[in-house]
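Enquirer:
What follows is the structure, encoded as C-alpha cells:
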C-alpha cells in the first residue's frame, strides 16, 4: 500500500509537469516540496486554471507580504471549489497530508479545464535542464549519414564539388553543352532544367568560358535540330545510367563505411576491458558531435560554392530567354516551383527535428502502468473494501450481542443483590454472626462497584489516549519549525515597529 501511495504521488507530479507546471529537479515526491516550491506550484496552477488570475509565482521577502499573498492564494483556491480550511498556514506551513490533498485537487481541476494549456510563467527561477542529445542512439548516426547522402546525391539541381572527381566515361563538357543549349532554343526548358546544375563543373572561370563556347556552338547547331535532338537523347540516357551507377556506388560505400565504423566500435567495446560502458558512450557522443560539426561545415561550404553558380546560371538564363516570351514564362513558373520546394524541404527538416526531440522526450518519460493494471488494482481494492465491510458488520453484531448479555447479567446481579440484602438484613437483627456476614457482603459489593468504575474509567482513558496519539502524529507530520515561526514573528514585529516610527515621524 505504501508503494501504491508513493506511485500515486509521483503520478501527480508527472501530471503537473505534463500540464506545463515547473517543478525543480530535486523534487521526486510530494514530501520533497518546500513551502516556497509548493506556493510556486499552486500559483502556476491557479494562473492556468483561471485565466483572469495573475498570482506571483515567488514568495516576497517581507513577512507581511508573504501572509497577504498566501491569503489571496487561499481565496483563489477556495473559489476554484476546494472544500476545507484554506488559510495561509496551509500554504506556508503545510503538512504532508495538506500537500497531497491540495496537489490532487489542483491536478483534478487542471484535467477538467477545457482551456488550452499554456506554459506558466516562472520568475527568478532557472528553467529545467534541456534534454541532452542521446549520442548512444545509433539512429542519430544513420540520420547524419542520410543527411550526408542528401548533400552528396548527384540528382540535386546543383552538384557537390566532389562531383568533379567522378569519371563520366564518354560524356564530355562539349557534348553536354550541345545537349543543353539547343534544347533551350527549342523551348524544352522543363526537360533540361534538372541537368543544368550538373553541367556547371569546375570553378567560375571555367564555367564562364564553357558557357561562351556553348552559346557559339548552339548558333551553329540551329541548322541541324534533328541530329542535336538525337544526340541530346543519347547523352541524356548515358547521363541517367551513369548517375544511377554513381548513386548506387555512393550509397553502397556509405553503408559499408557505417558498418565498418559500427564493427570497430563494437570491437573496441568488446576487447577494451579497461574502458567502461560510460567511456564508450562518451566516445560515441564525441564522434556524433564531430560528424554533426562536419556536416554543418560541409553545408556552409556547399552554400558558399552554390550561391555564385546559381547567380551565374540565373543571369545566363535571363540573357538567353530575353527574346523568347514562352520560355520566360516557363522559367518564371519553374523558379516559383523551386521556391515552393525549398519551403517544403525546410518545413520537413523542421518537423523532423521536432519529431526527434519529441521522441527523445517520450523515451525519457517514466513508464506508467497500463490501464489493465489499474483495473486489477481497483478490483482488488473493491474486494478488500467488501471484506472490510463484512468484518465491520460482524464485529458490530458481536458487540451488540455482548452488550445485551452484559446488560442482562447486570440486571440479574442487581436483583440477586437486592433479594440477598433484604434477607441478610432481616436476619442480621437477630444473630451477630449474620450481622458480620452482612457487613462483609456490603463491603464486597462496594469493592466490586469501585472495580467496575475503574475499568470503565480505564477504557475511556485508553480511547482518549488513542485519539491524542493520532493528533500528536498529525502534528509531528506537519513541517512546523518553531525557529522559523519565531523568526517570522520577529520579522513581523520589526516591520510593525518601523511602520509605527514612520507614522510618528509623519503625523
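Numbering (the working numbering), first residue to last: 206 to 712.
Ideal Cβ positions, reconstructed from N, Cα and C, are used throughout, including at glycine.
(1) Is residue 239 helix, strand or coil by DSSP?
(2) Between the region 645-652 and the region 252-269, do three or more beta carbon pairs fall short of 8 Å?
(3) Roughly how many whole angstroms lie between the Cα atoms of residue 372 and residue 444?
(4) Would you call residue 579 buried or exposed, if buried means 16 or more other Cβ atoms sit within 10 Å of its Cβ?
(5) Does the count of Cβ pairs from the region 279-291 and the region 305-314 closer than 8 Å reach three?
(6) Taking 6 Å as the limit between beta carbons, can you name the residues of its chain near residue 633, skipping five residues before and five after?
(7) For the structure I just gave you, are there three or more beta carbon pairs, one from the region 484-492 and one from the region 457-476, closer than 8 Å?
(8) Measuring alpha carbon to alpha carbon, tell me which of 297, 230, 274 ends up nearest residue 693.
(9) Roughly how many angstroms separate the alpha carbons of residue 508 and residue 464, rounded to a whole number?
(10) Out of 265, 269, 310, which has the shortest C-alpha to C-alpha gap to residue 697?
(11) Can you give me the C-alpha to C-alpha distance between residue 574 and residue 224, rounded to a whole angstrom?
(12) Does the beta-carbon distance from residue 682 to residue 300 come in below 7 Å?
(13) Between residue 536 and residue 559, is the Cβ-Cβ spacing less than 7 Å?
(14) According to DSSP, is residue 578 part of a helix, a strand, or is it coil?
(15) Residue 234 and residue 262 - do their beta-carbons sit closer together than 7 Å?
(16) Would you identify the three-state DSSP class for residue 358, choosing helix, strand or coil?
(17) Please report how far the alpha carbon of residue 595 lies from the alpha carbon of residue 601, in whole angstroms.
Expert: This is what the structure holds:
(1) Working through the chain shown from its first residue, we reach residue 239 at position 34. Residue 239 falls in the coil class under three-state DSSP.
(2) Counting C-beta pairs closer than 8 Å gives fewer than three between the region 645-652 and the region 252-269, which falls short of the contact rule.
(3) Locating residue 372 in the chain shown gives position 167, where the first residue counts as 1. Locating residue 444 in the chain shown gives position 239, where the first residue counts as 1. For residue 372, the predicted structure reports a pLDDT of 39, less than 50, and the residue's modelled location is therefore unreliable. The matter cannot be settled from this model.
(4) One-based indexing of the chain shown puts residue 579 at position 374. Sixteen is the threshold: since fewer than 16 other Cβ atoms of the shown chains lie within 10 Å of the Cβ of residue 579, the residue is exposed.
(5) A contact exists between the region 279-291 and the region 305-314.
(6) Sequence index remark: in the chain shown, residue 633 carries index 428 (1-based). Short of 6 Å from the beta carbon of residue 633, and not among the five residues preceding or following it, lie these beta carbons of its own chain, in chain order: 639, 640, 643.
(7) Yes, they touch.
(8) On the chain shown, position 488 is the one that residue 693 refers to. The candidate whose alpha carbon is nearest that of residue 693 is 297.
(9) Counting from 1 along the chain shown, the entry for residue 508 is found at position 303. Counting from 1 along the chain shown, the entry for residue 464 is found at position 259. Computed Cα separation, rounded: 30 Å.
(10) Taking the first residue of the chain shown as position 1, residue 697 is located at position 492. Measuring from the Cα of residue 697, the nearest candidate turns out to be 269.
(11) As a working mapping, residue 574 is identified with position 369 in the chain shown. As a working mapping, residue 224 is identified with position 19 in the chain shown. One Cα belongs to residue 574, the other to residue 224, and the distance between them is close to 19 Å.
(12) Within the chain shown, numbered from 1, the residue matching residue 682 stands at position 477. Within the chain shown, numbered from 1, the residue matching residue 300 stands at position 95. For residue 682 and residue 300, yes; Cβs fall inside 7 Å.
(13) Your numbering for residue 536 matches position 331 in the chain shown. Your numbering for residue 559 matches position 354 in the chain shown. It is not a contact, given that the beta carbons lie outside the stated cut-off.
(14) Here residue 578 corresponds to residue number 373 of the chain shown, with the count starting at 1. Residue 578 carries a helical assignment under DSSP once its states are collapsed to helix, strand and coil.
(15) Numbered from 1 along the chain shown, position 57 holds the residue referred to as residue 262. Numbered from 1 along the chain shown, position 29 holds the residue referred to as residue 234. Residue 234 is positioned such that its CB atom lies no closer than 7 Å to that of residue 262.
(16) In the chain shown, residue 358 corresponds to position 153, counting from 1. For residue 358, the predicted structure reports a pLDDT of 44, less than 50, and the residue's modelled location is therefore unreliable. The matter cannot be settled from this model.
(17) Sequence index remark: in the chain shown, residue 595 carries index 390 (1-based). Sequence index remark: in the chain shown, residue 601 carries index 396 (1-based). Roughly 10 Å between the two C-alpha positions.
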